[in-house]
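Here's the structure, in structure tokens; my notes come after.
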Amino acid sequence: MTRIAIANQKGGVGKTTTAINMATAMAASGWKCLLVDLDPQGNASTGLGVKQADRLRSSYDLLFGEATLQEAAMASIIPGLDIVPATVDLSGAEVELVAFEDRTHRLKAAFAAGADHWDIILIDCPPSLGLLTINAMVAVDSVIVPLQCEFFALEGLSQLLQTVERIQKRFNPDLSIMGVVLTMYDRRNRLTDQVSDDVRSCLSGLVFDTVIPRNVRLSEAPSHGLPALVYDHRCPGSEAYIALARELILRLPAKAELAA
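Quick note: the working numbering has the sequence shown finishing at residue 289, numbered continuously throughout.
Below, the structure written as structure tokens:
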């Protein structure tokens, strides 16, 4: 079973869009998938059509031992894809976690029982490097970093890489970066190509070949409570996420058994 955090401390980089559509693509490929919404905004939950009234158990309950992973998970509208939704309670979790000695390992402990029910777990992290994101990185095997093709995104990337390195040294020596996904790619913009070239030259093979284009359909889909792959599976954004899922499967250790 594979666990991946989708993280970037900078907001507006397509992190939640990547989480929703990657989870959908993996489920469509036959993987039993769980998406954990760890962002207090709860956008991943909304994007999968989970109404506030239906979020009886949440990732907050999971972190504070008020529900097991099996109890917090609920079926989504996508066959094969379950979700642990987020509620507004999660907004105070950063402060509340400070009181616990195992504040950085709460999510890992919650995953200890029942996580093997799924083939892959994806975690949509908040746009920060606080305790919620640290909990996610301690609990997973690897990190996928969505990176917007703009100049300032490069500055945040170095900070995130340093955080991953610190967590490797202190809490999770097995943590690795699965890859960097270039998002909001616009071929008409010369800066986009420059940022892409700079990232690939610095990180080499870590950058996925697939790039996610700027696409109106990707922005529209969450307002309908649907992943873009369901809302319009033929749009360029959906096609890009399908290609990205194929790349991800090839990078996973268990690809041979589950892709067959």
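We put the CB at the ideal spot given by N, CA and C, even for glycine. Since the structure is predicted, the reported quantities are computational estimates derived from the model, not experimental observations.
Between the beta-carbon of residue i and the beta-carbon of residue j, is there less than 7 Å?
{"i": "Leu-232", "j": "Thr-192", "result": "no"}
{"i": "Arg-23", "j": "Val-236", "result": "It is not possible to answer for residue 23, since the shown part of the chain is limited to 30 through 289."}
{"i": "Asp-111", "j": "Leu-186", "result": "no"}
{"i": "Thr-3", "j": "Ile-149", "result": "With the chain represented from 30 up to 289, any question about residue 3 goes unanswered, as that position is not in the structure."}
{"i": "Leu-77", "j": "Ser-105", "result": "yes"}
{"i": "Leu-189", "j": "Leu-211", "result": "no"}
{"i": "Ala-139", "j": "Tyr-89", "result": "no"}
{"i": "Ser-225", "j": "Cys-154", "result": "no"}
{"i": "Leu-151", "j": "Ile-278", "result": "no"}
In three-state terms, what does DSSP make of residue i?
{"i": "Thr-239", "result": "strand"}
{"i": "Ala-285", "result": "Residue confidence for Ala-285 is low, a pLDDT of 40 falling below 50, so the modelled location carries little weight; the figure read from the coordinates is stated next. In the structure shown, Ala-285 sits in a helix (DSSP, three-state: H, G or I)."}
{"i": "Arg-32", "result": "strand"}
{"i": "Asp-111", "result": "strand"}
{"i": "Leu-136", "result": "helix"}
{"i": "Ala-269", "result": "helix"}
{"i": "His-253", "result": "helix"}
{"i": "Ala-144", "result": "helix"}
{"i": "Thr-45", "result": "helix"}
{"i": "Gln-261", "result": "For the sequence presented, residue 261 should be read as Asp rather than Gln. Residue state, collapsed to three classes: coil."}
Would you kindly report the start and end of the unbroken beta strand (DSSP E) that includes residue i?
{"i": "Thr-116", "result": "Run containing Thr-116: none; DSSP gives neither H nor E here."}
{"i": "Thr-97", "result": "First-last for Thr-97: undefined, no H or E at that position."}
{"i": "Leu-63", "result": "62–66"}
{"i": "Leu-232", "result": "Counting along the chain, Leu-232 falls outside any beta strand (DSSP E), though it belongs to the alpha helix (DSSP H) covering 219–232."}
Less than 8 Å between the CB atoms is what I'm expecting for residue i and residue j, so what's the real figure, rounded?
{"i": "Gly-208", "j": "Ile-173", "result": "6 Å"}
{"i": "Pro-256", "j": "Thr-45", "result": "No, Pro-256 and Thr-45 are not in contact; Cβ-Cβ is about 11 Å, not under 8 Å."}
{"i": "Ala-48", "j": "Ile-35", "result": "5 Å"}
{"i": "Ala-168", "j": "Lys-137", "result": "4 Å"}
In the DSSP assignment, what residue or residues form a beta bridge with residue i?
{"i": "Leu-176", "result": "Leu-211"}
{"i": "Ala-104", "result": "Asp-111"}
{"i": "Ser-171", "result": "Ile-33 and Ser-205"}
{"i": "Asp-153", "result": "Ile-35 and Asp-66"}
How is the alpha helix (DSSP H) around residue i delimited, first residue to last?
{"i": "Leu-247", "result": "245–249"}
{"i": "Glu-130", "result": "That residue, Glu-130, is in no alpha helix (DSSP H); it is neither H nor E in DSSP."}
{"i": "Asp-3", "result": "In the structure as shown, the chain starts at 30 and stops at 289, and residue 3 therefore has no counterpart that could be examined."}
{"i": "Ala-73", "result": "72–76"}
For the ligand MG, I want to know if residue i counts as a neighbour, meaning its beta carbon is within less than 6 Å of at least one of the ligand's heavy atoms.
{"i": "Ala-82", "result": "In the structure shown, the ligand MG is absent, as is every other ligand, since no ligand is present at all."}
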